[in-house]
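Beneath this line is the structure, given in structure tokens, with notes to follow.
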Amino acid sequence: MLDPRIDTLAALLVEHSLKLQPGETVLIEAFDIPEEATACVLERAAEAGALAVVDTRQNAVLRSLYLNASESQMRLIGDIELARMERMNAYIGLRGGANATEFSDVPEDRMHLYKKHVWKRVHGERRITDTRWVVLRWPTPSMAQAAAMSTRAFEDFYFKACCMDYAAMAVAVEPLKARMERTREIRLVGPGTDLTFNKGEIPVIPCTGECNIPDGECFTAPVRDSVNGTITFNTVTVYLGKTFENVSLTLKHGEIVAATSSDTAGLNAILDSDEGARYIGEFSIGFHPNILHPMRDTLFDEKIAGSLHFTPGNAYEEADNGNRSEVHWDMVLIQRPDYGGGEIWFDGELVRKDGLFVVDDLLGLNPDRLG
Numbered sequence: 001m002l003d004p005r006i007d008t009l010a011a012l013l014v015e016h017s018l019k020l021q022p023g024e025t026v027l028i029e030a031f032d033i034p035e036e037a038t039a040c041v042l043e044r045a046a047e048a049g050a051l052a053v054v055d056t057r058q059n060a061v062l063r064s065l066y067l068n069a070s071e072s073q074m075r076l077i078g079d080i081e082l083a084r085m086e087r088m089n090a091y092i093g094l095r096g097g098a099n100a101t102e103f104s105d106v107p108e109d110r111m112h113l114y115k116k117h118v119w120k121r122v123h124g125e126r127r128i129t130d131t132r133w134v135v136l137r138w139p140t141p142s143m144a145q146a147a148a149m150s151t152r153a154f155e156d157f158y159f160k161a162c163c164m165d166y167a168a169m170a171v172a173v174e175p176l177k178a179r180m181e182r183t184r185e186i187r188l189v190g191p192g193t194d195l196t197f198n199k200g201e202i203p204v205i206p207c208t209g210e211c212n213i214p215d216g217e218c219f220t221a222p223v224r225d226s227v228n229g230t231i232t233f234n235t236v237t238v239y240l241g242k243t244f245e246n247v248s249l250t251l252k253h254g255e256i257v258a259a260t261s262s263d264t265a266g267l268n269a270i271l272d273s274d275e276g277a278r279y280i281g282e283f284s285i286g287f288h289p290n291i292l293h294p295m296r297d298t299l300f301d302e303k304i305a306g307s308l309h310f311t312p313g314n315a316y317e318e319a320d321n322g323n324r325s326e327v328h329w330d331m332v333l334i335q336r337p338d339y340g341g342g343e344i345w346f347d348g349e350l351v352r353k354d355g356l357f358v359v360d361d362l363l364g365l366n367p368d369r370l371g
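Here my numbering is used: the first residue of the sequence shown is 1, the next is one more, and so on.
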């Protein structure tokens, strides 16, 4: 019997996130997702009158593909997948898998071929910019383990986080959007962190369930060469299956001039992927009231209440500072007291301290109000 929460989530994706209309095309990519969940999303798309294309994939098979990748092979796959994406009005990415680090033993030069010829062309340059899209993880025992929760408790947390009232969140975030739009200099302060940048006239984009589920952030980008200082992240980050802890970046005139972590060599190899990987493409403030602790999954971790993320690599066109890269790596810093505290300053005014907004117009985004 279908868990009714799956149907609620499927309806959210089709009706709120994508607002699918009759005759529109939508690609549903499902990676290690239960058949009944993929079918439920497909059925909801059909009810909306959309023309759905479904692609089911297994990460263990993709690992073998990437391990044996050649440049001509990845270019061919990129050509085929790009041609398909060019036919789509919308995209749903359902991402599961028992092992979040399935690709950890794929050499960086092989993963680079995938990033260059497939991800960058199909997703970075086409899907993200020219379709309405939404992506989400699927709850698995490995995710529950990473969150230090039982499988049943994690499922309850998952559906509570994913199916919250995003319409109410959209109203609550408007004052933050307005304040960020008129802000020019932003300063981040905390343990191992003292960093400033200029936002300039770059747009501010609130995210309330349209592109990510779960959602709850408001992002912009720094003027590309304006970032100066050091930022130290207190959240484990996983990039293409490889895990990094205690990441610290020092920037001068926008460029990452020093980078250390639990795997400093691996970190710098990724930052050397191309020239844009050593510049910042996104700054965002997270405020989802039901997500409080990291679980090694960026889609959840970047929304943590009291967090921010800073992103080496490609900028989104909606908030564009001109930086281009095959890398887009959201690194998360939690500033609540239980994670060491911290501050965010807008044009010399303290707006968030120890993870809580402290100015009157932003109090509605604190967990006690938004939750």
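Cβ coordinates follow ideal geometry from the N, Cα and C atoms, glycine included. Note that the structure is predicted; figures quoted are calculated from it, not measured.
Cβ contact annotation for Val14 (same chain, cutoff 6 Å, sequence separation greater than five): Leu20, Arg44, Ala45, Ala48, in chain order. Counting every other CB atom within 10 Å of its CB across the protein chains shown gives Val61 a total below 16, marking it as exposed. Per DSSP, reduced to three states, the secondary structure at Ser273 is coil, with no helix or strand assignment. Remark: C-beta atoms of Ala172 and Leu18 do not approach each other more closely than 7 Å.
As a beta-bridge residue in DSSP terms, Ser248 pairs with Thr232, Thr260. The Cβ atoms of Phe244 and Leu267 lie closer than 7 Å to each other. Residue range 71-85 is occupied by the alpha helix (DSSP H) that includes Gly78. With a threshold of 16 other beta carbon atoms within 10 Å, Arg278 meets it and is buried. For the set Leu240, Leu195, Ser248, Tyr339, the Cα lying nearest the Cα of Glu102 is the one of Leu240. Between the alpha carbons of Glu86 and Arg126 lies a gap of roughly 7 Å.
No residue range can be given for Thr131, since it is assigned to no beta strand (DSSP E) and is classified by DSSP as neither H nor E. Runs of the alpha helix (DSSP H) lying entirely within the stretch 322-369, each at least 4 residues long, are absent.
By the Cβ-count criterion, Asp156 is exposed, with fewer than 16 other Cβ atoms from all chains shown falling within 10 Å of its own Cβ.
Residues of the same chain with a CB within less than 7 Å of the CB of Thr151, apart from the 5 flanking positions on each side, are Pro141, Ala144 in chain order. The C-beta distance from Asn314 to Gly281 rounds to 5 Å, short enough to meet the 8 Å contact threshold.
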